[in-house]
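Protein chains in written order, with this note's numbering: chain A, 111 to 452; chain B, 66 to 781; chain C, 175 to 501. Every residue, glycine too, gets a C-beta built ideally from N, C-alpha and C. The structure appears below as structure tokens.
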Amino acid sequence: MIHSLFRAALAAGAMAGVLAAAPAMAQQSGYTDGMREQYRDALQGKKVGIVPIAMSFDIAQAYVAGLQAQADKIGYELVVRDPNWSVEQGVQAVQQLIAEKVDVIVAHPLDAQAMNRLVKKAQDEGIYWLWANIKGGPSGDVFVGADHYQVGRTKVEIAAQYCADREVKKIAMVAGPSNNQAILASAAGIKDGLLDHPELQLVAEQSAEADANKAKSISDTVLKQHPDLCAIIGQWDGEDIGIPPAVADAGLKGKVAVITSGGGSHETACAKVEDGSYHAYISHDIGAQVVALNTAIVQLLQTRPPAGEKPFAAYVNMRVITPDTVAQTHCWSVAEVGQRVY
Amino acid sequence: MAATDTPPPAQRAGFWTALRYKYLPTHMLGEVLAKSWIDTAIPAVLLAVVLAVFAVILPGFFSPASLSPLARVTGEYILLGIGQAVVIIGGGIDLSVGSMFALCNFFALWLMFTLKVPVLLAMVLTIVAGAALGAVNGVLIGYLRLRAFLTTLVTLIIFRSIANLISTNYGARLLGDYAVHGEDILTFMGDGDLFGLPASFIFAIGTSVLFYILLTRMRLGWHIIAVGGSRRSAFSAGINLRRTVFLTYAISGALAGAAAYFYAARLTSAGATTGLGMELIVITGVVLGGISLGGGRGTVTKAVLGILIVMCIYNGMLRMGLESGASSIMLGLILLAAVVFDIRWNKNRHKLLNRAYVSPALVEMPPRVSIERGSASPYARNDRIAETRPIGLGIVDGPEDMILDEDDNLYCGTRTGDVYRFFAPDYTRHEVFAHTGGRPLGFALDRDGSLVVCIAGMGLYRLTMDRQVIPLSTQTNRGLSVIDDSRVRLADDCDIAPDGKIYFSDPTTRYEVSEWLTVALENRGDGRVICYDPATGRSHTAIKGLTFPNGICVTRDGQAILVAETWSARIRKYWIAGPKKGQLEMLIEDLPGYPDNINRSSDGYYWAALVGMRSPAFDLALAMPAFRKKMVDRVAPDSWLYPNALMGCLVKFDADGRIIDVLWDRQGGDHPQITSVREHKGKMYLGGFHNDRVGVFDLPGADPGWSGWNDYWGQK
Amino acid sequence: MAKSSSGRIIDQQKIIFALAVVLCLVFAFTLPGFATASNALSLLQAVATIGVLGIGMAIVIIGRGIDLSQIAVLVMPPAWMMYQIQAGVPMAEAAAYAGLAAIALGVLNGWLVAYVEVPAIFATLATGTLMYGTMQYLAVSNDVIPLPKRLEGFIALVQGGTFGIPNIVLFLLLVALVCWLFLRFTVWGRYVYAIGDNPMAARATGVPSRPILVLQYVISALAAFAAGVVLSASVESVNTRLFNSTMIYDVILVVVLGGVGLGGGKGSVSNVLVGTILIGIMTNGMTILNLSIEVQSLIKAGILLAAIIADSMLNPRDELTSQQGDI
């Protein structure tokens with residue numbers, strides 16, 4: 111279903127591209143505004159490569175759909191290499207892109223550290239390096255993504271608010287895979303947040319290794335031990351989806367706040383907040399990220415600064431989705447992101 | 066006139082049958098399959114196919130910029146593959162390589178980035194650390210005798226848990242300030258080239274050579290193969306099983322350490338997923354290369370080829386940008402295909418070889434001449450060999466040929482490899498004159514009275530009267546063929562030309578002596594006559610492409626040799642001197658039976674022994690190669706249709722091929738098989754490949770003073 | 175049969191059982207909230223999936239095989255089923271298709287092992303990867319699939335309880351009962367032991383070895399599929415990334431820990447339950463102790479290693495007569 115939607119989005123994007131490209135090609139009247147030619151010449155026929163974590167989840171699909179739509183519209187090529195959750199394959203994919211001399215590499219890495227050396231290698235070849243949502247040691251040329259540290263702090267703030275009127279302020283944390291720099295950053299944020307709120311008592315901190323089932327059994331046990339628990343903070347919606355059933359099992363739905371974060375698609379975020387599974391969901395707003403990434407590509411290829419000279423970051427706004435705000439919040443879907451063209 | 070029976074016209078072979086069974090070198094298939102390198106050739110061909118496919122569908126696959134990163138990763142996997150191969154050849158399996166790899170990666174990073182250990186020293190220490198991890202497996206499996214699969218599964222979890230712990234708690238700090246002691250060397254290890262080849266690849270090639278030598282030339286390697294092949298035999302042979310098994314795992318660990326070092330140098334990543342699922346790729350690779358699960362079979366070359374195939378496929382698929390799942394499908398299919406092929410190949414290779422090796426040729430025999438008793442045919446049956454007296458009854462076993470010296474002592478060979486001497490005049494006393502070790506067949510007497518003897522399985526030898534066994538010719542020149550035809554396989558009969566050159570027959574280059582009947586079934590003409598030149602001490606192949614050349618006799622004028630081609634039932638004449646030198650001509654082409662040894666007679670003619678008679682059924686089978694092929698495919702060898710080799714006669718003919726006389730054995734009771742006849746001083750001596758005696762009878766009208774030696778070397 | 179062979183007084187199963195009892199007592203006295211009925215149920219609930227997988231695996235292992243494709247069946251056919259239901263296919267129909275896919279894989283495994291004579295380790299390793307890849311390529315494009323709203327009733331059933339016992343625990347007990355009856359009282363079940371004990375002898379005495387082998391793998395695949403459906407309902411999503419985890423090793427851990435010999439012919443459903451409960455107790459206790467997941471798996475693997483070593487010391491294997499190629 112989602113798969114076919116995704117395909118539909120691509121097809122729609124391609125169609126939009128054809129429609130949009132037609133007028134851009136027409137230039138009989140010789141009209142110019144001083145920018146149209148530069149824009150076209152700098153971008154047309156270029157090659158942008160993207161190496162996501164894997165193509166099998168919504169965030170990566172949204173990136174590709176959004177980037178593809180702009181590529182089709184302007185007339186440059188987007189090369190997608192799917193390492194399918196393998197750090198090793200991801201590195202190989204980037205090496206191949208460098209060998210093929212693409213113009214821009216968009217990296218959305220599982221383990222950003224493994225890419226560290228490649229950033230410089232790419233820049234030596236004059237290739238611009240864009241980090242998407244997860245950032246490694248070298249800053250590359252652009253970072254677009256959520257401020258994961260701030261996300262972590264915010265989660266603690268939300269928990270503190272929720273627990274404010276409780277007598278026992280116990281919270282638990284279900285941690286994500288520890289090799290991901292985004293998770294590490296948010297863990298640091300949570301840690302610092304807890305320093306600001308010494309009243310919160312962290313009774314359990316367990317890693318579920320990206321496995322919803324493990325998240326559920328951890329939550330089960332913790333809730334049995336601490337029926338008076340106030341909140342569970344998760345780190346990645348993919349595994350945290352196992353926490354609400356545990357809360358429901360324990361008969362504590364509505365009493366224990368589940369706070370998580372993630373890409374913010376409709377199914378994973380808004381729907382789950384609406385049905386009361388999550389008390390709060392902090393969205394990384396992939397829709398906004400796609401716009402920022404597309405902008406960065408357009409800008410870099412037109413201005414052509416030496417690669418790596420002046421890195422900049424574009425932190426997207428944190429969207430905190432709670433039962434109170436969910437009605438006004440717009441969660442994205444892959445098909446929609448596919449239409450967001452710069 | 067003599068009645069003949071020929072195959073009905075419908076059975077006459079057409080063009081395609083002739084092409085298929087006469088001119089196509091189908092026999093080479095079996096010969097290729099019999100080669101020991103065939104196991105390695107299969108993955109090599111597969112690799113070539115994979116490369117060719119990617120070269121077509123992925124433009125630029127072979128560009129240096131594209132191959133270099135691939136080679137860099139492949140170098141690491143080759144190291145792992147060799148380690149895995151050593152373990153599997155030793156009869157085990159190592160699932161924990163990926164986890165050891167991850168731990169070693171951390172260790173290398175910790176040494177270089179945190180402790181600032183010099184980069185090269187860190188490499189050595191990482192390999193040692195890997196060996197130590199492997200030694201844990203080794204102790205458990207080798208010394209505590211746990212099961213390899215389960216044990217390495219557990220150590221996989223243990224090592225992986227430790228790696229995860231390290232990654233969680235120290236991962237972020239491990240790299241510190243990114244500075245190392247020996248930045249240039251590290252950059253070379255992880256990113257540098259030498260002669261266009263990445264450092265890891267060069268290291269892997271060096272390691273491959275090292276382990277090739279280890280496995281093929283060194284004691285430890287042989288022990289590993291022996292233990293993997295059969296523990297019981299290895300134990301009985303005194304090999305220390307436990308230590309050998311232990312070492313295989315330590316080696317696997319050490320190589321995982323080496324690979325991890327290059328990985329660390331390449332990526333400097335402290336990620337927890339390092340090496341996850343690596344064991345699957347590595348095992349797939351080595352099995353694909355042809356390392357047999359269960360142990361005992363496999364080489365380094367195969368392991369490297371298998372890894373190369375898997376890495377090329379992986380990389381190629383990544384570059385094709387296929388949808389998620391495609392690479393898993395490919396990996397699953399490849400692993401499955403590799404294992405199924407491995408199982409079926411090992412199980413059926415010998416069957417396949419048996420079926421493919423015998424490659425019957427199309428042979429259309431000339432019409433058979435009648436042997437009807439009382440008919441006008443020169444071969445008409447009679448009872449001229451009426452009474453024979455046995456020599457060495459029950460003592461000799463299979464005297465294929467015999468010869469008598471000037472003192473009338475009789476020499477003959479036996480199945481057990483001895484040359485017996487029976488003493489004149491009554492031949493009741495005997496001794497083992499010499500022991501050869503092979504199977505002595507045809508004899509000739511040299512000018513100095515020494516014996517020249519063809520020994521099947523060994524070659525041409527001289528037996529001096531003081532019982533020395535001297536090799537004369539054991540190999541000839543190498544021709545253009547798949548199998549090694551330089552070895553003399555089945556020296557059968559010989560004779561000595563006036564100039565001292567010795568001509569001897571080597572009936573087949575494709576079979577051993579015990580399979581002489583199978584040669585008849587195949588009838589492809591793979592025999593030759595070899596000439597040994599005592600002046601140079603060298604041999605060369607004089608005539609090739611003969612169908613079981615057997616008897617050899619130099620003509621009286623010394624200008625030619627007569628060559629009996631047993632399974633073509635004909636005798637040919639090869640000129641060795643004079644104006645026709647080098648020519649091969651047909652002498653008798655329609656013998657009713659299969660000629661064996663040829664010797665001179667006292668009245669200026671030649672005696673040939675027919676070892677068996679042609680039969681309509683077998684002649685027909687020869688004209689129907691497809692039938693014989695099917696028979697070889699479907700019927701057990703002991704039920705195959707073989708030529709008759711149990712009824713024969715003696716044929717006297719002249720140097721122009723005219724039949725002078727034919728002597729038949731009345732019943733064939735005493736001499737079921739006659740492979741050789743020799744006239745000496747008025748008596749005829751009969752030998753047989755399967756007989757239990759040498760027979761002798763008086764030949765009426767023969768010159769009682771004539772002897773072979775005198776005829777050859779006496780004053781003329 | 176399952177009686178530990180030839181007069182062993184102490185075997186792995188008893189060691190493990192004793193260990194479980196000791197651990198239980200230690201945790202009961204030291205950990206507050208451990209020795210409560212609700213914790214016991216939650217403990218069982220947490221390992222129910224592993225238990226069901228373990229029972230399927232045990233049948234294969236008793237028949238001298240191993241099924242590494244279980245995790246692929248655990249996640250992929252249920253994931254496909256959810257996709258179909260989401261796309262509007264009737265629930266029963268979707269379940270039937272997915273179930274057929276699982277059975278097909280079981281048949282493929284059995285065929286490869288029994289007829290093509292591929293070692294079970296490699297046959298199932300390859301087919302599992304194949305199943306994962308094929309499903310991912312054709313139908314399941316996402317790693318995490320939330321359960322469709324239409325399945326609310328089923329979700330409630332799985333997450334609910336009967337007489338205070340969670341239904342998921344009852345599910346485990348039901349599977350255990352059925353498999354116990356199969357192994358203990360049916361001719362085919364006895365054949366499984368015969369084949370595991372001595373395949374050659376079994377064949378010589380007329381046991382239809384090959385069909386029985388196929389049956390073993392089909393049962394294993396069905397157990398995995400059922401476990402997968404129940405698991406997805408209990409966490410309200412299917413996570414296909416489980417395929418890449420080390421979960422299959424946990425399943426083998428449960429089976430071997432309970433004392434089902436990898437050599438075949440030995441063990442029964444009760445062994446698996448013992449192993450499952452021990453793992454449950456350990457996981458539960460360690461979670462209460464707030465040990466990290468890495469330390470937990472380290473300790474679990476350590477205990478398994480100790481159990482294997484103890485078993486090997488008590489019942490030494492003759493390395494000379496051990497089957498060639500039996501790794």
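Bridge partners - residue 527 (chain B), DSSP secondary structure assignment: Position 462 of the second sequence, counted from the start, is the residue given in the question as residue 527 (chain B). Partner(s): B:517, B:535.
Residue 659 (chain B) (DSSP reduced to helix, strand or coil): Residue mapping note: residue 659 (chain B) aligns to position 594 of the second sequence, counting from 1. Strand.
Cβ pair count under 8 Å reaching 3, the stretch 228 to 239 of chain C against the stretch 364 to 374 of chain C: yes
Closer than 9 Å at the beta carbon, the chain C residues around residue 335 (chain A): Within the first sequence, residue 335 (chain A) is the residue found at index 225, counting from 1. Per Cβ cutoff of 9 Å: 205, 206, 207, 208, 213, 461, 462.
Beta strand (DSSP E) runs wholly inside the stretch 588 to 669 of chain B, at least 3 long, in chain order: 592 to 598, 603 to 611, 614 to 619, 625 to 630, 635 to 640, 649 to 653, 658 to 665
Short Cβ contact (7 Å threshold) for residue 366 (chain A) with residue 318 (chain A): Counting from one through the first sequence, the residue named residue 366 (chain A) turns up at place 256. Counting from one through the first sequence, the residue named residue 318 (chain A) turns up at place 208. Cβ atoms of residue 366 (chain A) and residue 318 (chain A): not closer than 7 Å.
Contact set between the stretch 221 to 235 of chain C and chain A, restricted to residues whose Cβ is under 9 Å from the partner: 221, 223
Where residue 335 (chain B) meets chain F, residues with beta-carbon distance less than 7 Å: Of the protein chains in the structure, A, B and C, none is chain F.
Which of helix, strand or coil DSSP assigns to residue 459 (chain A): Residue 459 (chain A) lies beyond the stretch modelled for chain A, which goes from 111 to 452, so this question has no answer here.
Three-way DSSP call (helix, strand, coil) for residue 321 (chain C) in this model: As a working note, residue 321 (chain C) is residue 147 in the third sequence. DSSP places residue 321 (chain C) in coil when its eight states are reduced to three.
Residues of the stretch 311 to 328 of chain A with Cβ closer than 9 Å to any Cβ of chain C, in chain order: 313, 314, 315, 316, 317, 318, 319, 320, 321, 322, 323, 324, 325, 326, 327, 328
Environment of residue 422 (chain C) [buried if 16+ CB atoms lie within 10 Å]: Looking up residue 422 (chain C) in the third sequence gives position 248. Its Cβ being crowded by 16 or more others within 10 Å, residue 422 (chain C) is buried.
Nearest-angstrom Cα separation, counted from residue 224 (chain C) out to residue 424 (chain C): Within the third sequence, the letter at position 250 stands for residue 424 (chain C). Within the third sequence, the letter at position 50 stands for residue 224 (chain C). When rounded, the distance between both Cα atoms is 7 Å.
Residue range of the alpha helix (DSSP H) that includes residue 92 (chain B): The residue labelled residue 92 (chain B) in the question sits at position 27 within the second sequence. Run containing residue 92 (chain B): 92 to 98, per the alpha helix (DSSP H) assignment.
Length of the line joining the Cα atoms of residue 463 (chain B) and residue 477 (chain B): Locating residue 463 (chain B) in the second sequence gives position 398, counting from the first residue. Locating residue 477 (chain B) in the second sequence gives position 412, counting from the first residue. Their backbone Cα atoms lie some 9 Å apart in a straight line.
Beta-carbon separation (whole angstroms), residue 115 (chain B) vs residue 377 (chain B), contact threshold 8 Å: If you number the second sequence from 1, residue 115 (chain B) lands on position 50. If you number the second sequence from 1, residue 377 (chain B) lands on position 312. Contact flag correct, Cβ pair sits at about 5 Å.
Own chain residues within Cβ distance below 6 Å of residue 202 (chain C), not counting five before or after: Position 28 of the third sequence, counting from 1, holds the residue named residue 202 (chain C). These residues qualify, in order along the chain: 208, 209.
Residues within the stretch 392 to 410 of chain B neighbouring chain A, beta-carbon criterion of under 9 Å: 392, 393
Cβ distance (whole Å) where residue 528 (chain B) is taken to contact residue 466 (chain B) below 8 Å: Counting from 1 along the second sequence, the entry for residue 528 (chain B) is found at position 463. Counting from 1 along the second sequence, the entry for residue 466 (chain B) is found at position 401. At roughly 13 Å, the Cβ-Cβ gap does not stay under 8 Å, so residue 528 (chain B) and residue 466 (chain B) are not in contact.
Reduced DSSP category for residue 500 (chain B) - H, G, I as helix; E, B as strand; rest coil: Here the question's residue 500 (chain B) lines up with position 435 in the second sequence. It is a strand residue.
Simplified DSSP state of residue 75 (chain B), which is helix, strand or coil: Translated into the one-based positions of the second sequence, residue 75 (chain B) becomes position 10. Unreliable placement is indicated for residue 75 (chain B), whose pLDDT of 45 sits below 50; no coordinate value is reported for it.
Residue 739 (chain B): first and last residue of the uninterrupted alpha helix (DSSP H) it sits in: As a working note, residue 739 (chain B) is residue 674 in the second sequence. Unbroken run through residue 739 (chain B): none, as it is neither H nor E.
Straight-line Cα distance separating residue 436 (chain B) from residue 682 (chain B): For this step, residue 682 (chain B) is matched to residue 617 along the second sequence. For this step, residue 436 (chain B) is matched to residue 371 along the second sequence. The straight-line gap from Cα to Cα measures roughly 16 Å.
Proximal residues to residue 503 (chain B) (C-beta, below 7 Å), its chain only, five neighbours per side dropped: Sequence index remark: in the second sequence, residue 503 (chain B) carries index 438 (1-based). These residues qualify, in order along the chain: 482, 520, 521, 522, 523.
Residue 248 (chain A) versus residue 420 (chain A) - alpha carbon distance: Counting from 1 along the first sequence, the entry for residue 248 (chain A) is found at position 138. Counting from 1 along the first sequence, the entry for residue 420 (chain A) is found at position 310. Spanning the two alpha carbons is a distance of roughly 12 Å.
Bridge-paired residues (DSSP) for residue 231 (chain C): Taking the third sequence and counting its residues from 1, one reaches residue 231 (chain C) at position 57. According to DSSP, which records beta bridges pairwise, residue 231 (chain C) is partnered with nothing at all.
Length of the line joining the Cα atoms of residue 391 (chain B) and residue 302 (chain C): Your numbering for residue 391 (chain B) matches position 326 in the second sequence. Your numbering for residue 302 (chain C) matches position 128 in the third sequence. If you take the alpha carbons of residue 391 (chain B) and residue 302 (chain C), they lie about 14 Å apart.
Any chain B beta carbon closer than 7 Å to residue 203 (chain A): For this step, residue 203 (chain A) is matched to residue 93 along the first sequence. By this cut-off, residue 203 (chain A) is an interface position.
Cutoff 6 Å; reference residue 198 (chain C); Cβ partners in own chain excluding five residues on either side: What you label residue 198 (chain C) is simply residue 24 of the third sequence in a count that begins at 1. Closer than 6 Å at Cβ, skipping near neighbours: 455.
Whole runs of the alpha helix (DSSP H) within the stretch 341 to 383 of chain C, excluding any shorter than 4 residues: 341 to 359, 361 to 371, 373 to 378
Beta-carbon gap between residue 232 (chain A) and residue 208 (chain A) smaller than 7 Å: Here residue 232 (chain A) corresponds to residue number 122 of the first sequence, with the count starting at 1. Here residue 208 (chain A) corresponds to residue number 98 of the first sequence, with the count starting at 1. Yes, these two residues count as a Cβ contact at 7 Å.
Nearest to residue 307 (chain C) (by Cα), restricted to the options C:350, C:402, C:247: Numbered from 1 along the third sequence, position 133 holds the residue referred to as residue 307 (chain C). Residue 307 (chain C) has its Cα closest to that of C:247, out of C:350, C:402, C:247.
Contacts of residue 251 (chain C) in chain A (Cβ-Cβ under 7 Å): By 1-based counting over the third sequence, the position of residue 251 (chain C) is 77. Per Cβ cutoff of 7 Å: no residues; residue 251 (chain C) is ~16 Å from chain A at best.
Residues that residue 729 (chain B) bridges to, as DSSP identifies them: For this step, residue 729 (chain B) is matched to residue 664 along the second sequence. Paired residues: B:714.
Cutoff 7 Å; reference residue 229 (chain B); Cβ partners in own chain excluding five residues on either side: Position 164 of the second sequence, counting from 1, holds the residue named residue 229 (chain B). Within the same chain, residue 229 (chain B) has close Cβ partners 337.
Proximity to residue 184 (chain A) [Cα-Cα], best of A:205, A:147, A:200, A:160: Here the question's residue 184 (chain A) lines up with position 74 in the first sequence. Residue 184 (chain A) has its Cα closest to that of A:147, out of A:205, A:147, A:200, A:160.
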